[in-house]
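Quick notes on the structure that follows.
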Amino acid sequence: MARCAWVNADPLYRAYHDEEWGRPVRGDRELFELLMLEGMQAGLSWYTILKKRENYREAFDGFDPEKIVLYDDAKFLELMNNPGIVRNRLKIAAVIANAGVYLELKKRGISFSEYLWSFAGGEPRVNLPKSAADVPASTPESDTMSKALKKLGMKFVGSTICYAFMQASGMVNDHTRDCAFSGLAPDGQTMV
Numbered sequence: 022m023a024r025c026a027w028v029n030a031d032p033l034y035r036a037y038h039d040e041e042w043g044r045p046v047r048g049d050r051e052l053f054e055l056l057m058l059e060g061m062q063a064g065l066s067w068y069t070i071l072k073k074r075e076n077y078r079e080a081f082d083g084f085d086p087e088k089i090v091l092y093d094d095a096k097f098l099e100l101m102n103n104p105g106i107v108r109n110r111l112k113i114a115a116v117i118a119n120a121g122v123y124l125e126l127k128k129r130g131i132s133f134s135e136y137l138w139s140f141a142g143g144e145p146r147v148n149l150p151k152s153a154a155d156v157p158a159s160t161p162e163s164d165t166m167s168k169a170l171k172k173l174g175m176k177f178v179g180s181t182i183c184y185a186f187m188q189a190s191g192m193v194n195d196h197t198r199d200c201a202f203s204g205l206a207p208d209g210q211t212m213v
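Residue numbering for the sequence shown follows our numbering, beginning at 22 and increasing consecutively.
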């Protein structure tokens, strides 16, 4: 089966590509988790984070912002000593701070999902790039999302991170045309 060129032979990575990447995610908590994991990826590969995703979920209490916002110095130290995650002081602190921003939006009656999806126009955009070389690292939409999230006080939400998040959450479908999951067959005909 043809897949996007970035996918390696690991069954975990293939399952992620085939079953998750580019499929619309609408839940507030699911989007929070995904955005936090994309931030953890900064300077690393998604494959590295994906292999540690279950460890992150356990370490960060299922990415429950209500619990994360209460983390104290002892919990921070526990995270810094956790060999199952990438132990980056700034990234861990960012997740804690970002949980506060998430809860502030909720307190104001703003759905995290609706807020984030507004930067994509509310519906998935299918790009059908010819190859990975045709996929941008950022777009005007991810620039706008990044600026808005930073203005709210979020960290590790640069435009490149936001675009990777938009791809992963299905706001943008960047499966390449030769990929079986793009909606097109390799010859460009629509698959039924």
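Think of the CB as a built atom: it goes at the ideal place given N, C-alpha and C, for glycine as much as any other residue.
Residue j beta carbon less than 8 Å from that of residue i
i	j	result
residue 186	residue 165	no
residue 197	residue 190	no
residue 84	residue 61	no
residue 177	residue 123	no
residue 159	residue 184	yes
residue 175	residue 119	yes
residue 68	residue 29	yes
residue 106	residue 73	yes
residue 133	residue 49	yes
residue 195	residue 150	yes
residue 63	residue 182	yes
residue 71	residue 37	yes
residue 201	residue 23	yes
residue 82	residue 88	yes
Distance cut-off 7 Å: residue i Cβ against heavy atoms of the ligand HEM
i	result
residue 191	The ligand content of the structure shown is nil, which means the ligand HEM is not present either.
Residues bridged to residue i [DSSP beta-bridge criterion]
i	result
residue 193	146
Continuous alpha helix (DSSP H) stretch holding residue i: start and end
i	result
residue 176	Residue 176 -> no alpha helix (DSSP H), and no H or E assigned at all.
residue 32	32 to 40
residue 48	That residue, residue 48, is in no alpha helix (DSSP H); it is neither H nor E in DSSP.
Task: Three CB pairs or more closer than 8 Å across the region 111 to 118 and the region 141 to 153 - done: Note that the region 111 to 118 does not touch the region 141 to 153; fewer than 3 beta-carbon pairs, one per stretch, sit closer than 8 Å.
Open item on the list: Please give me, in chain order, every unbroken run of the beta strand (DSSP E) with length at least 3 that falls completely inside the region 76 to 151.
Closed with: Residue ranges of uninterrupted beta strand (DSSP E) with 3 or more members are absent from the region 76 to 151; none lies entirely inside it.
Task: Contact between the region 43 to 50 and the region 91 to 110 (3+ Cβ pairs under 8 Å) - done: Contact between the region 43 to 50 and the region 91 to 110 is absent, because fewer than three Cβ pairs lie under 8 Å.
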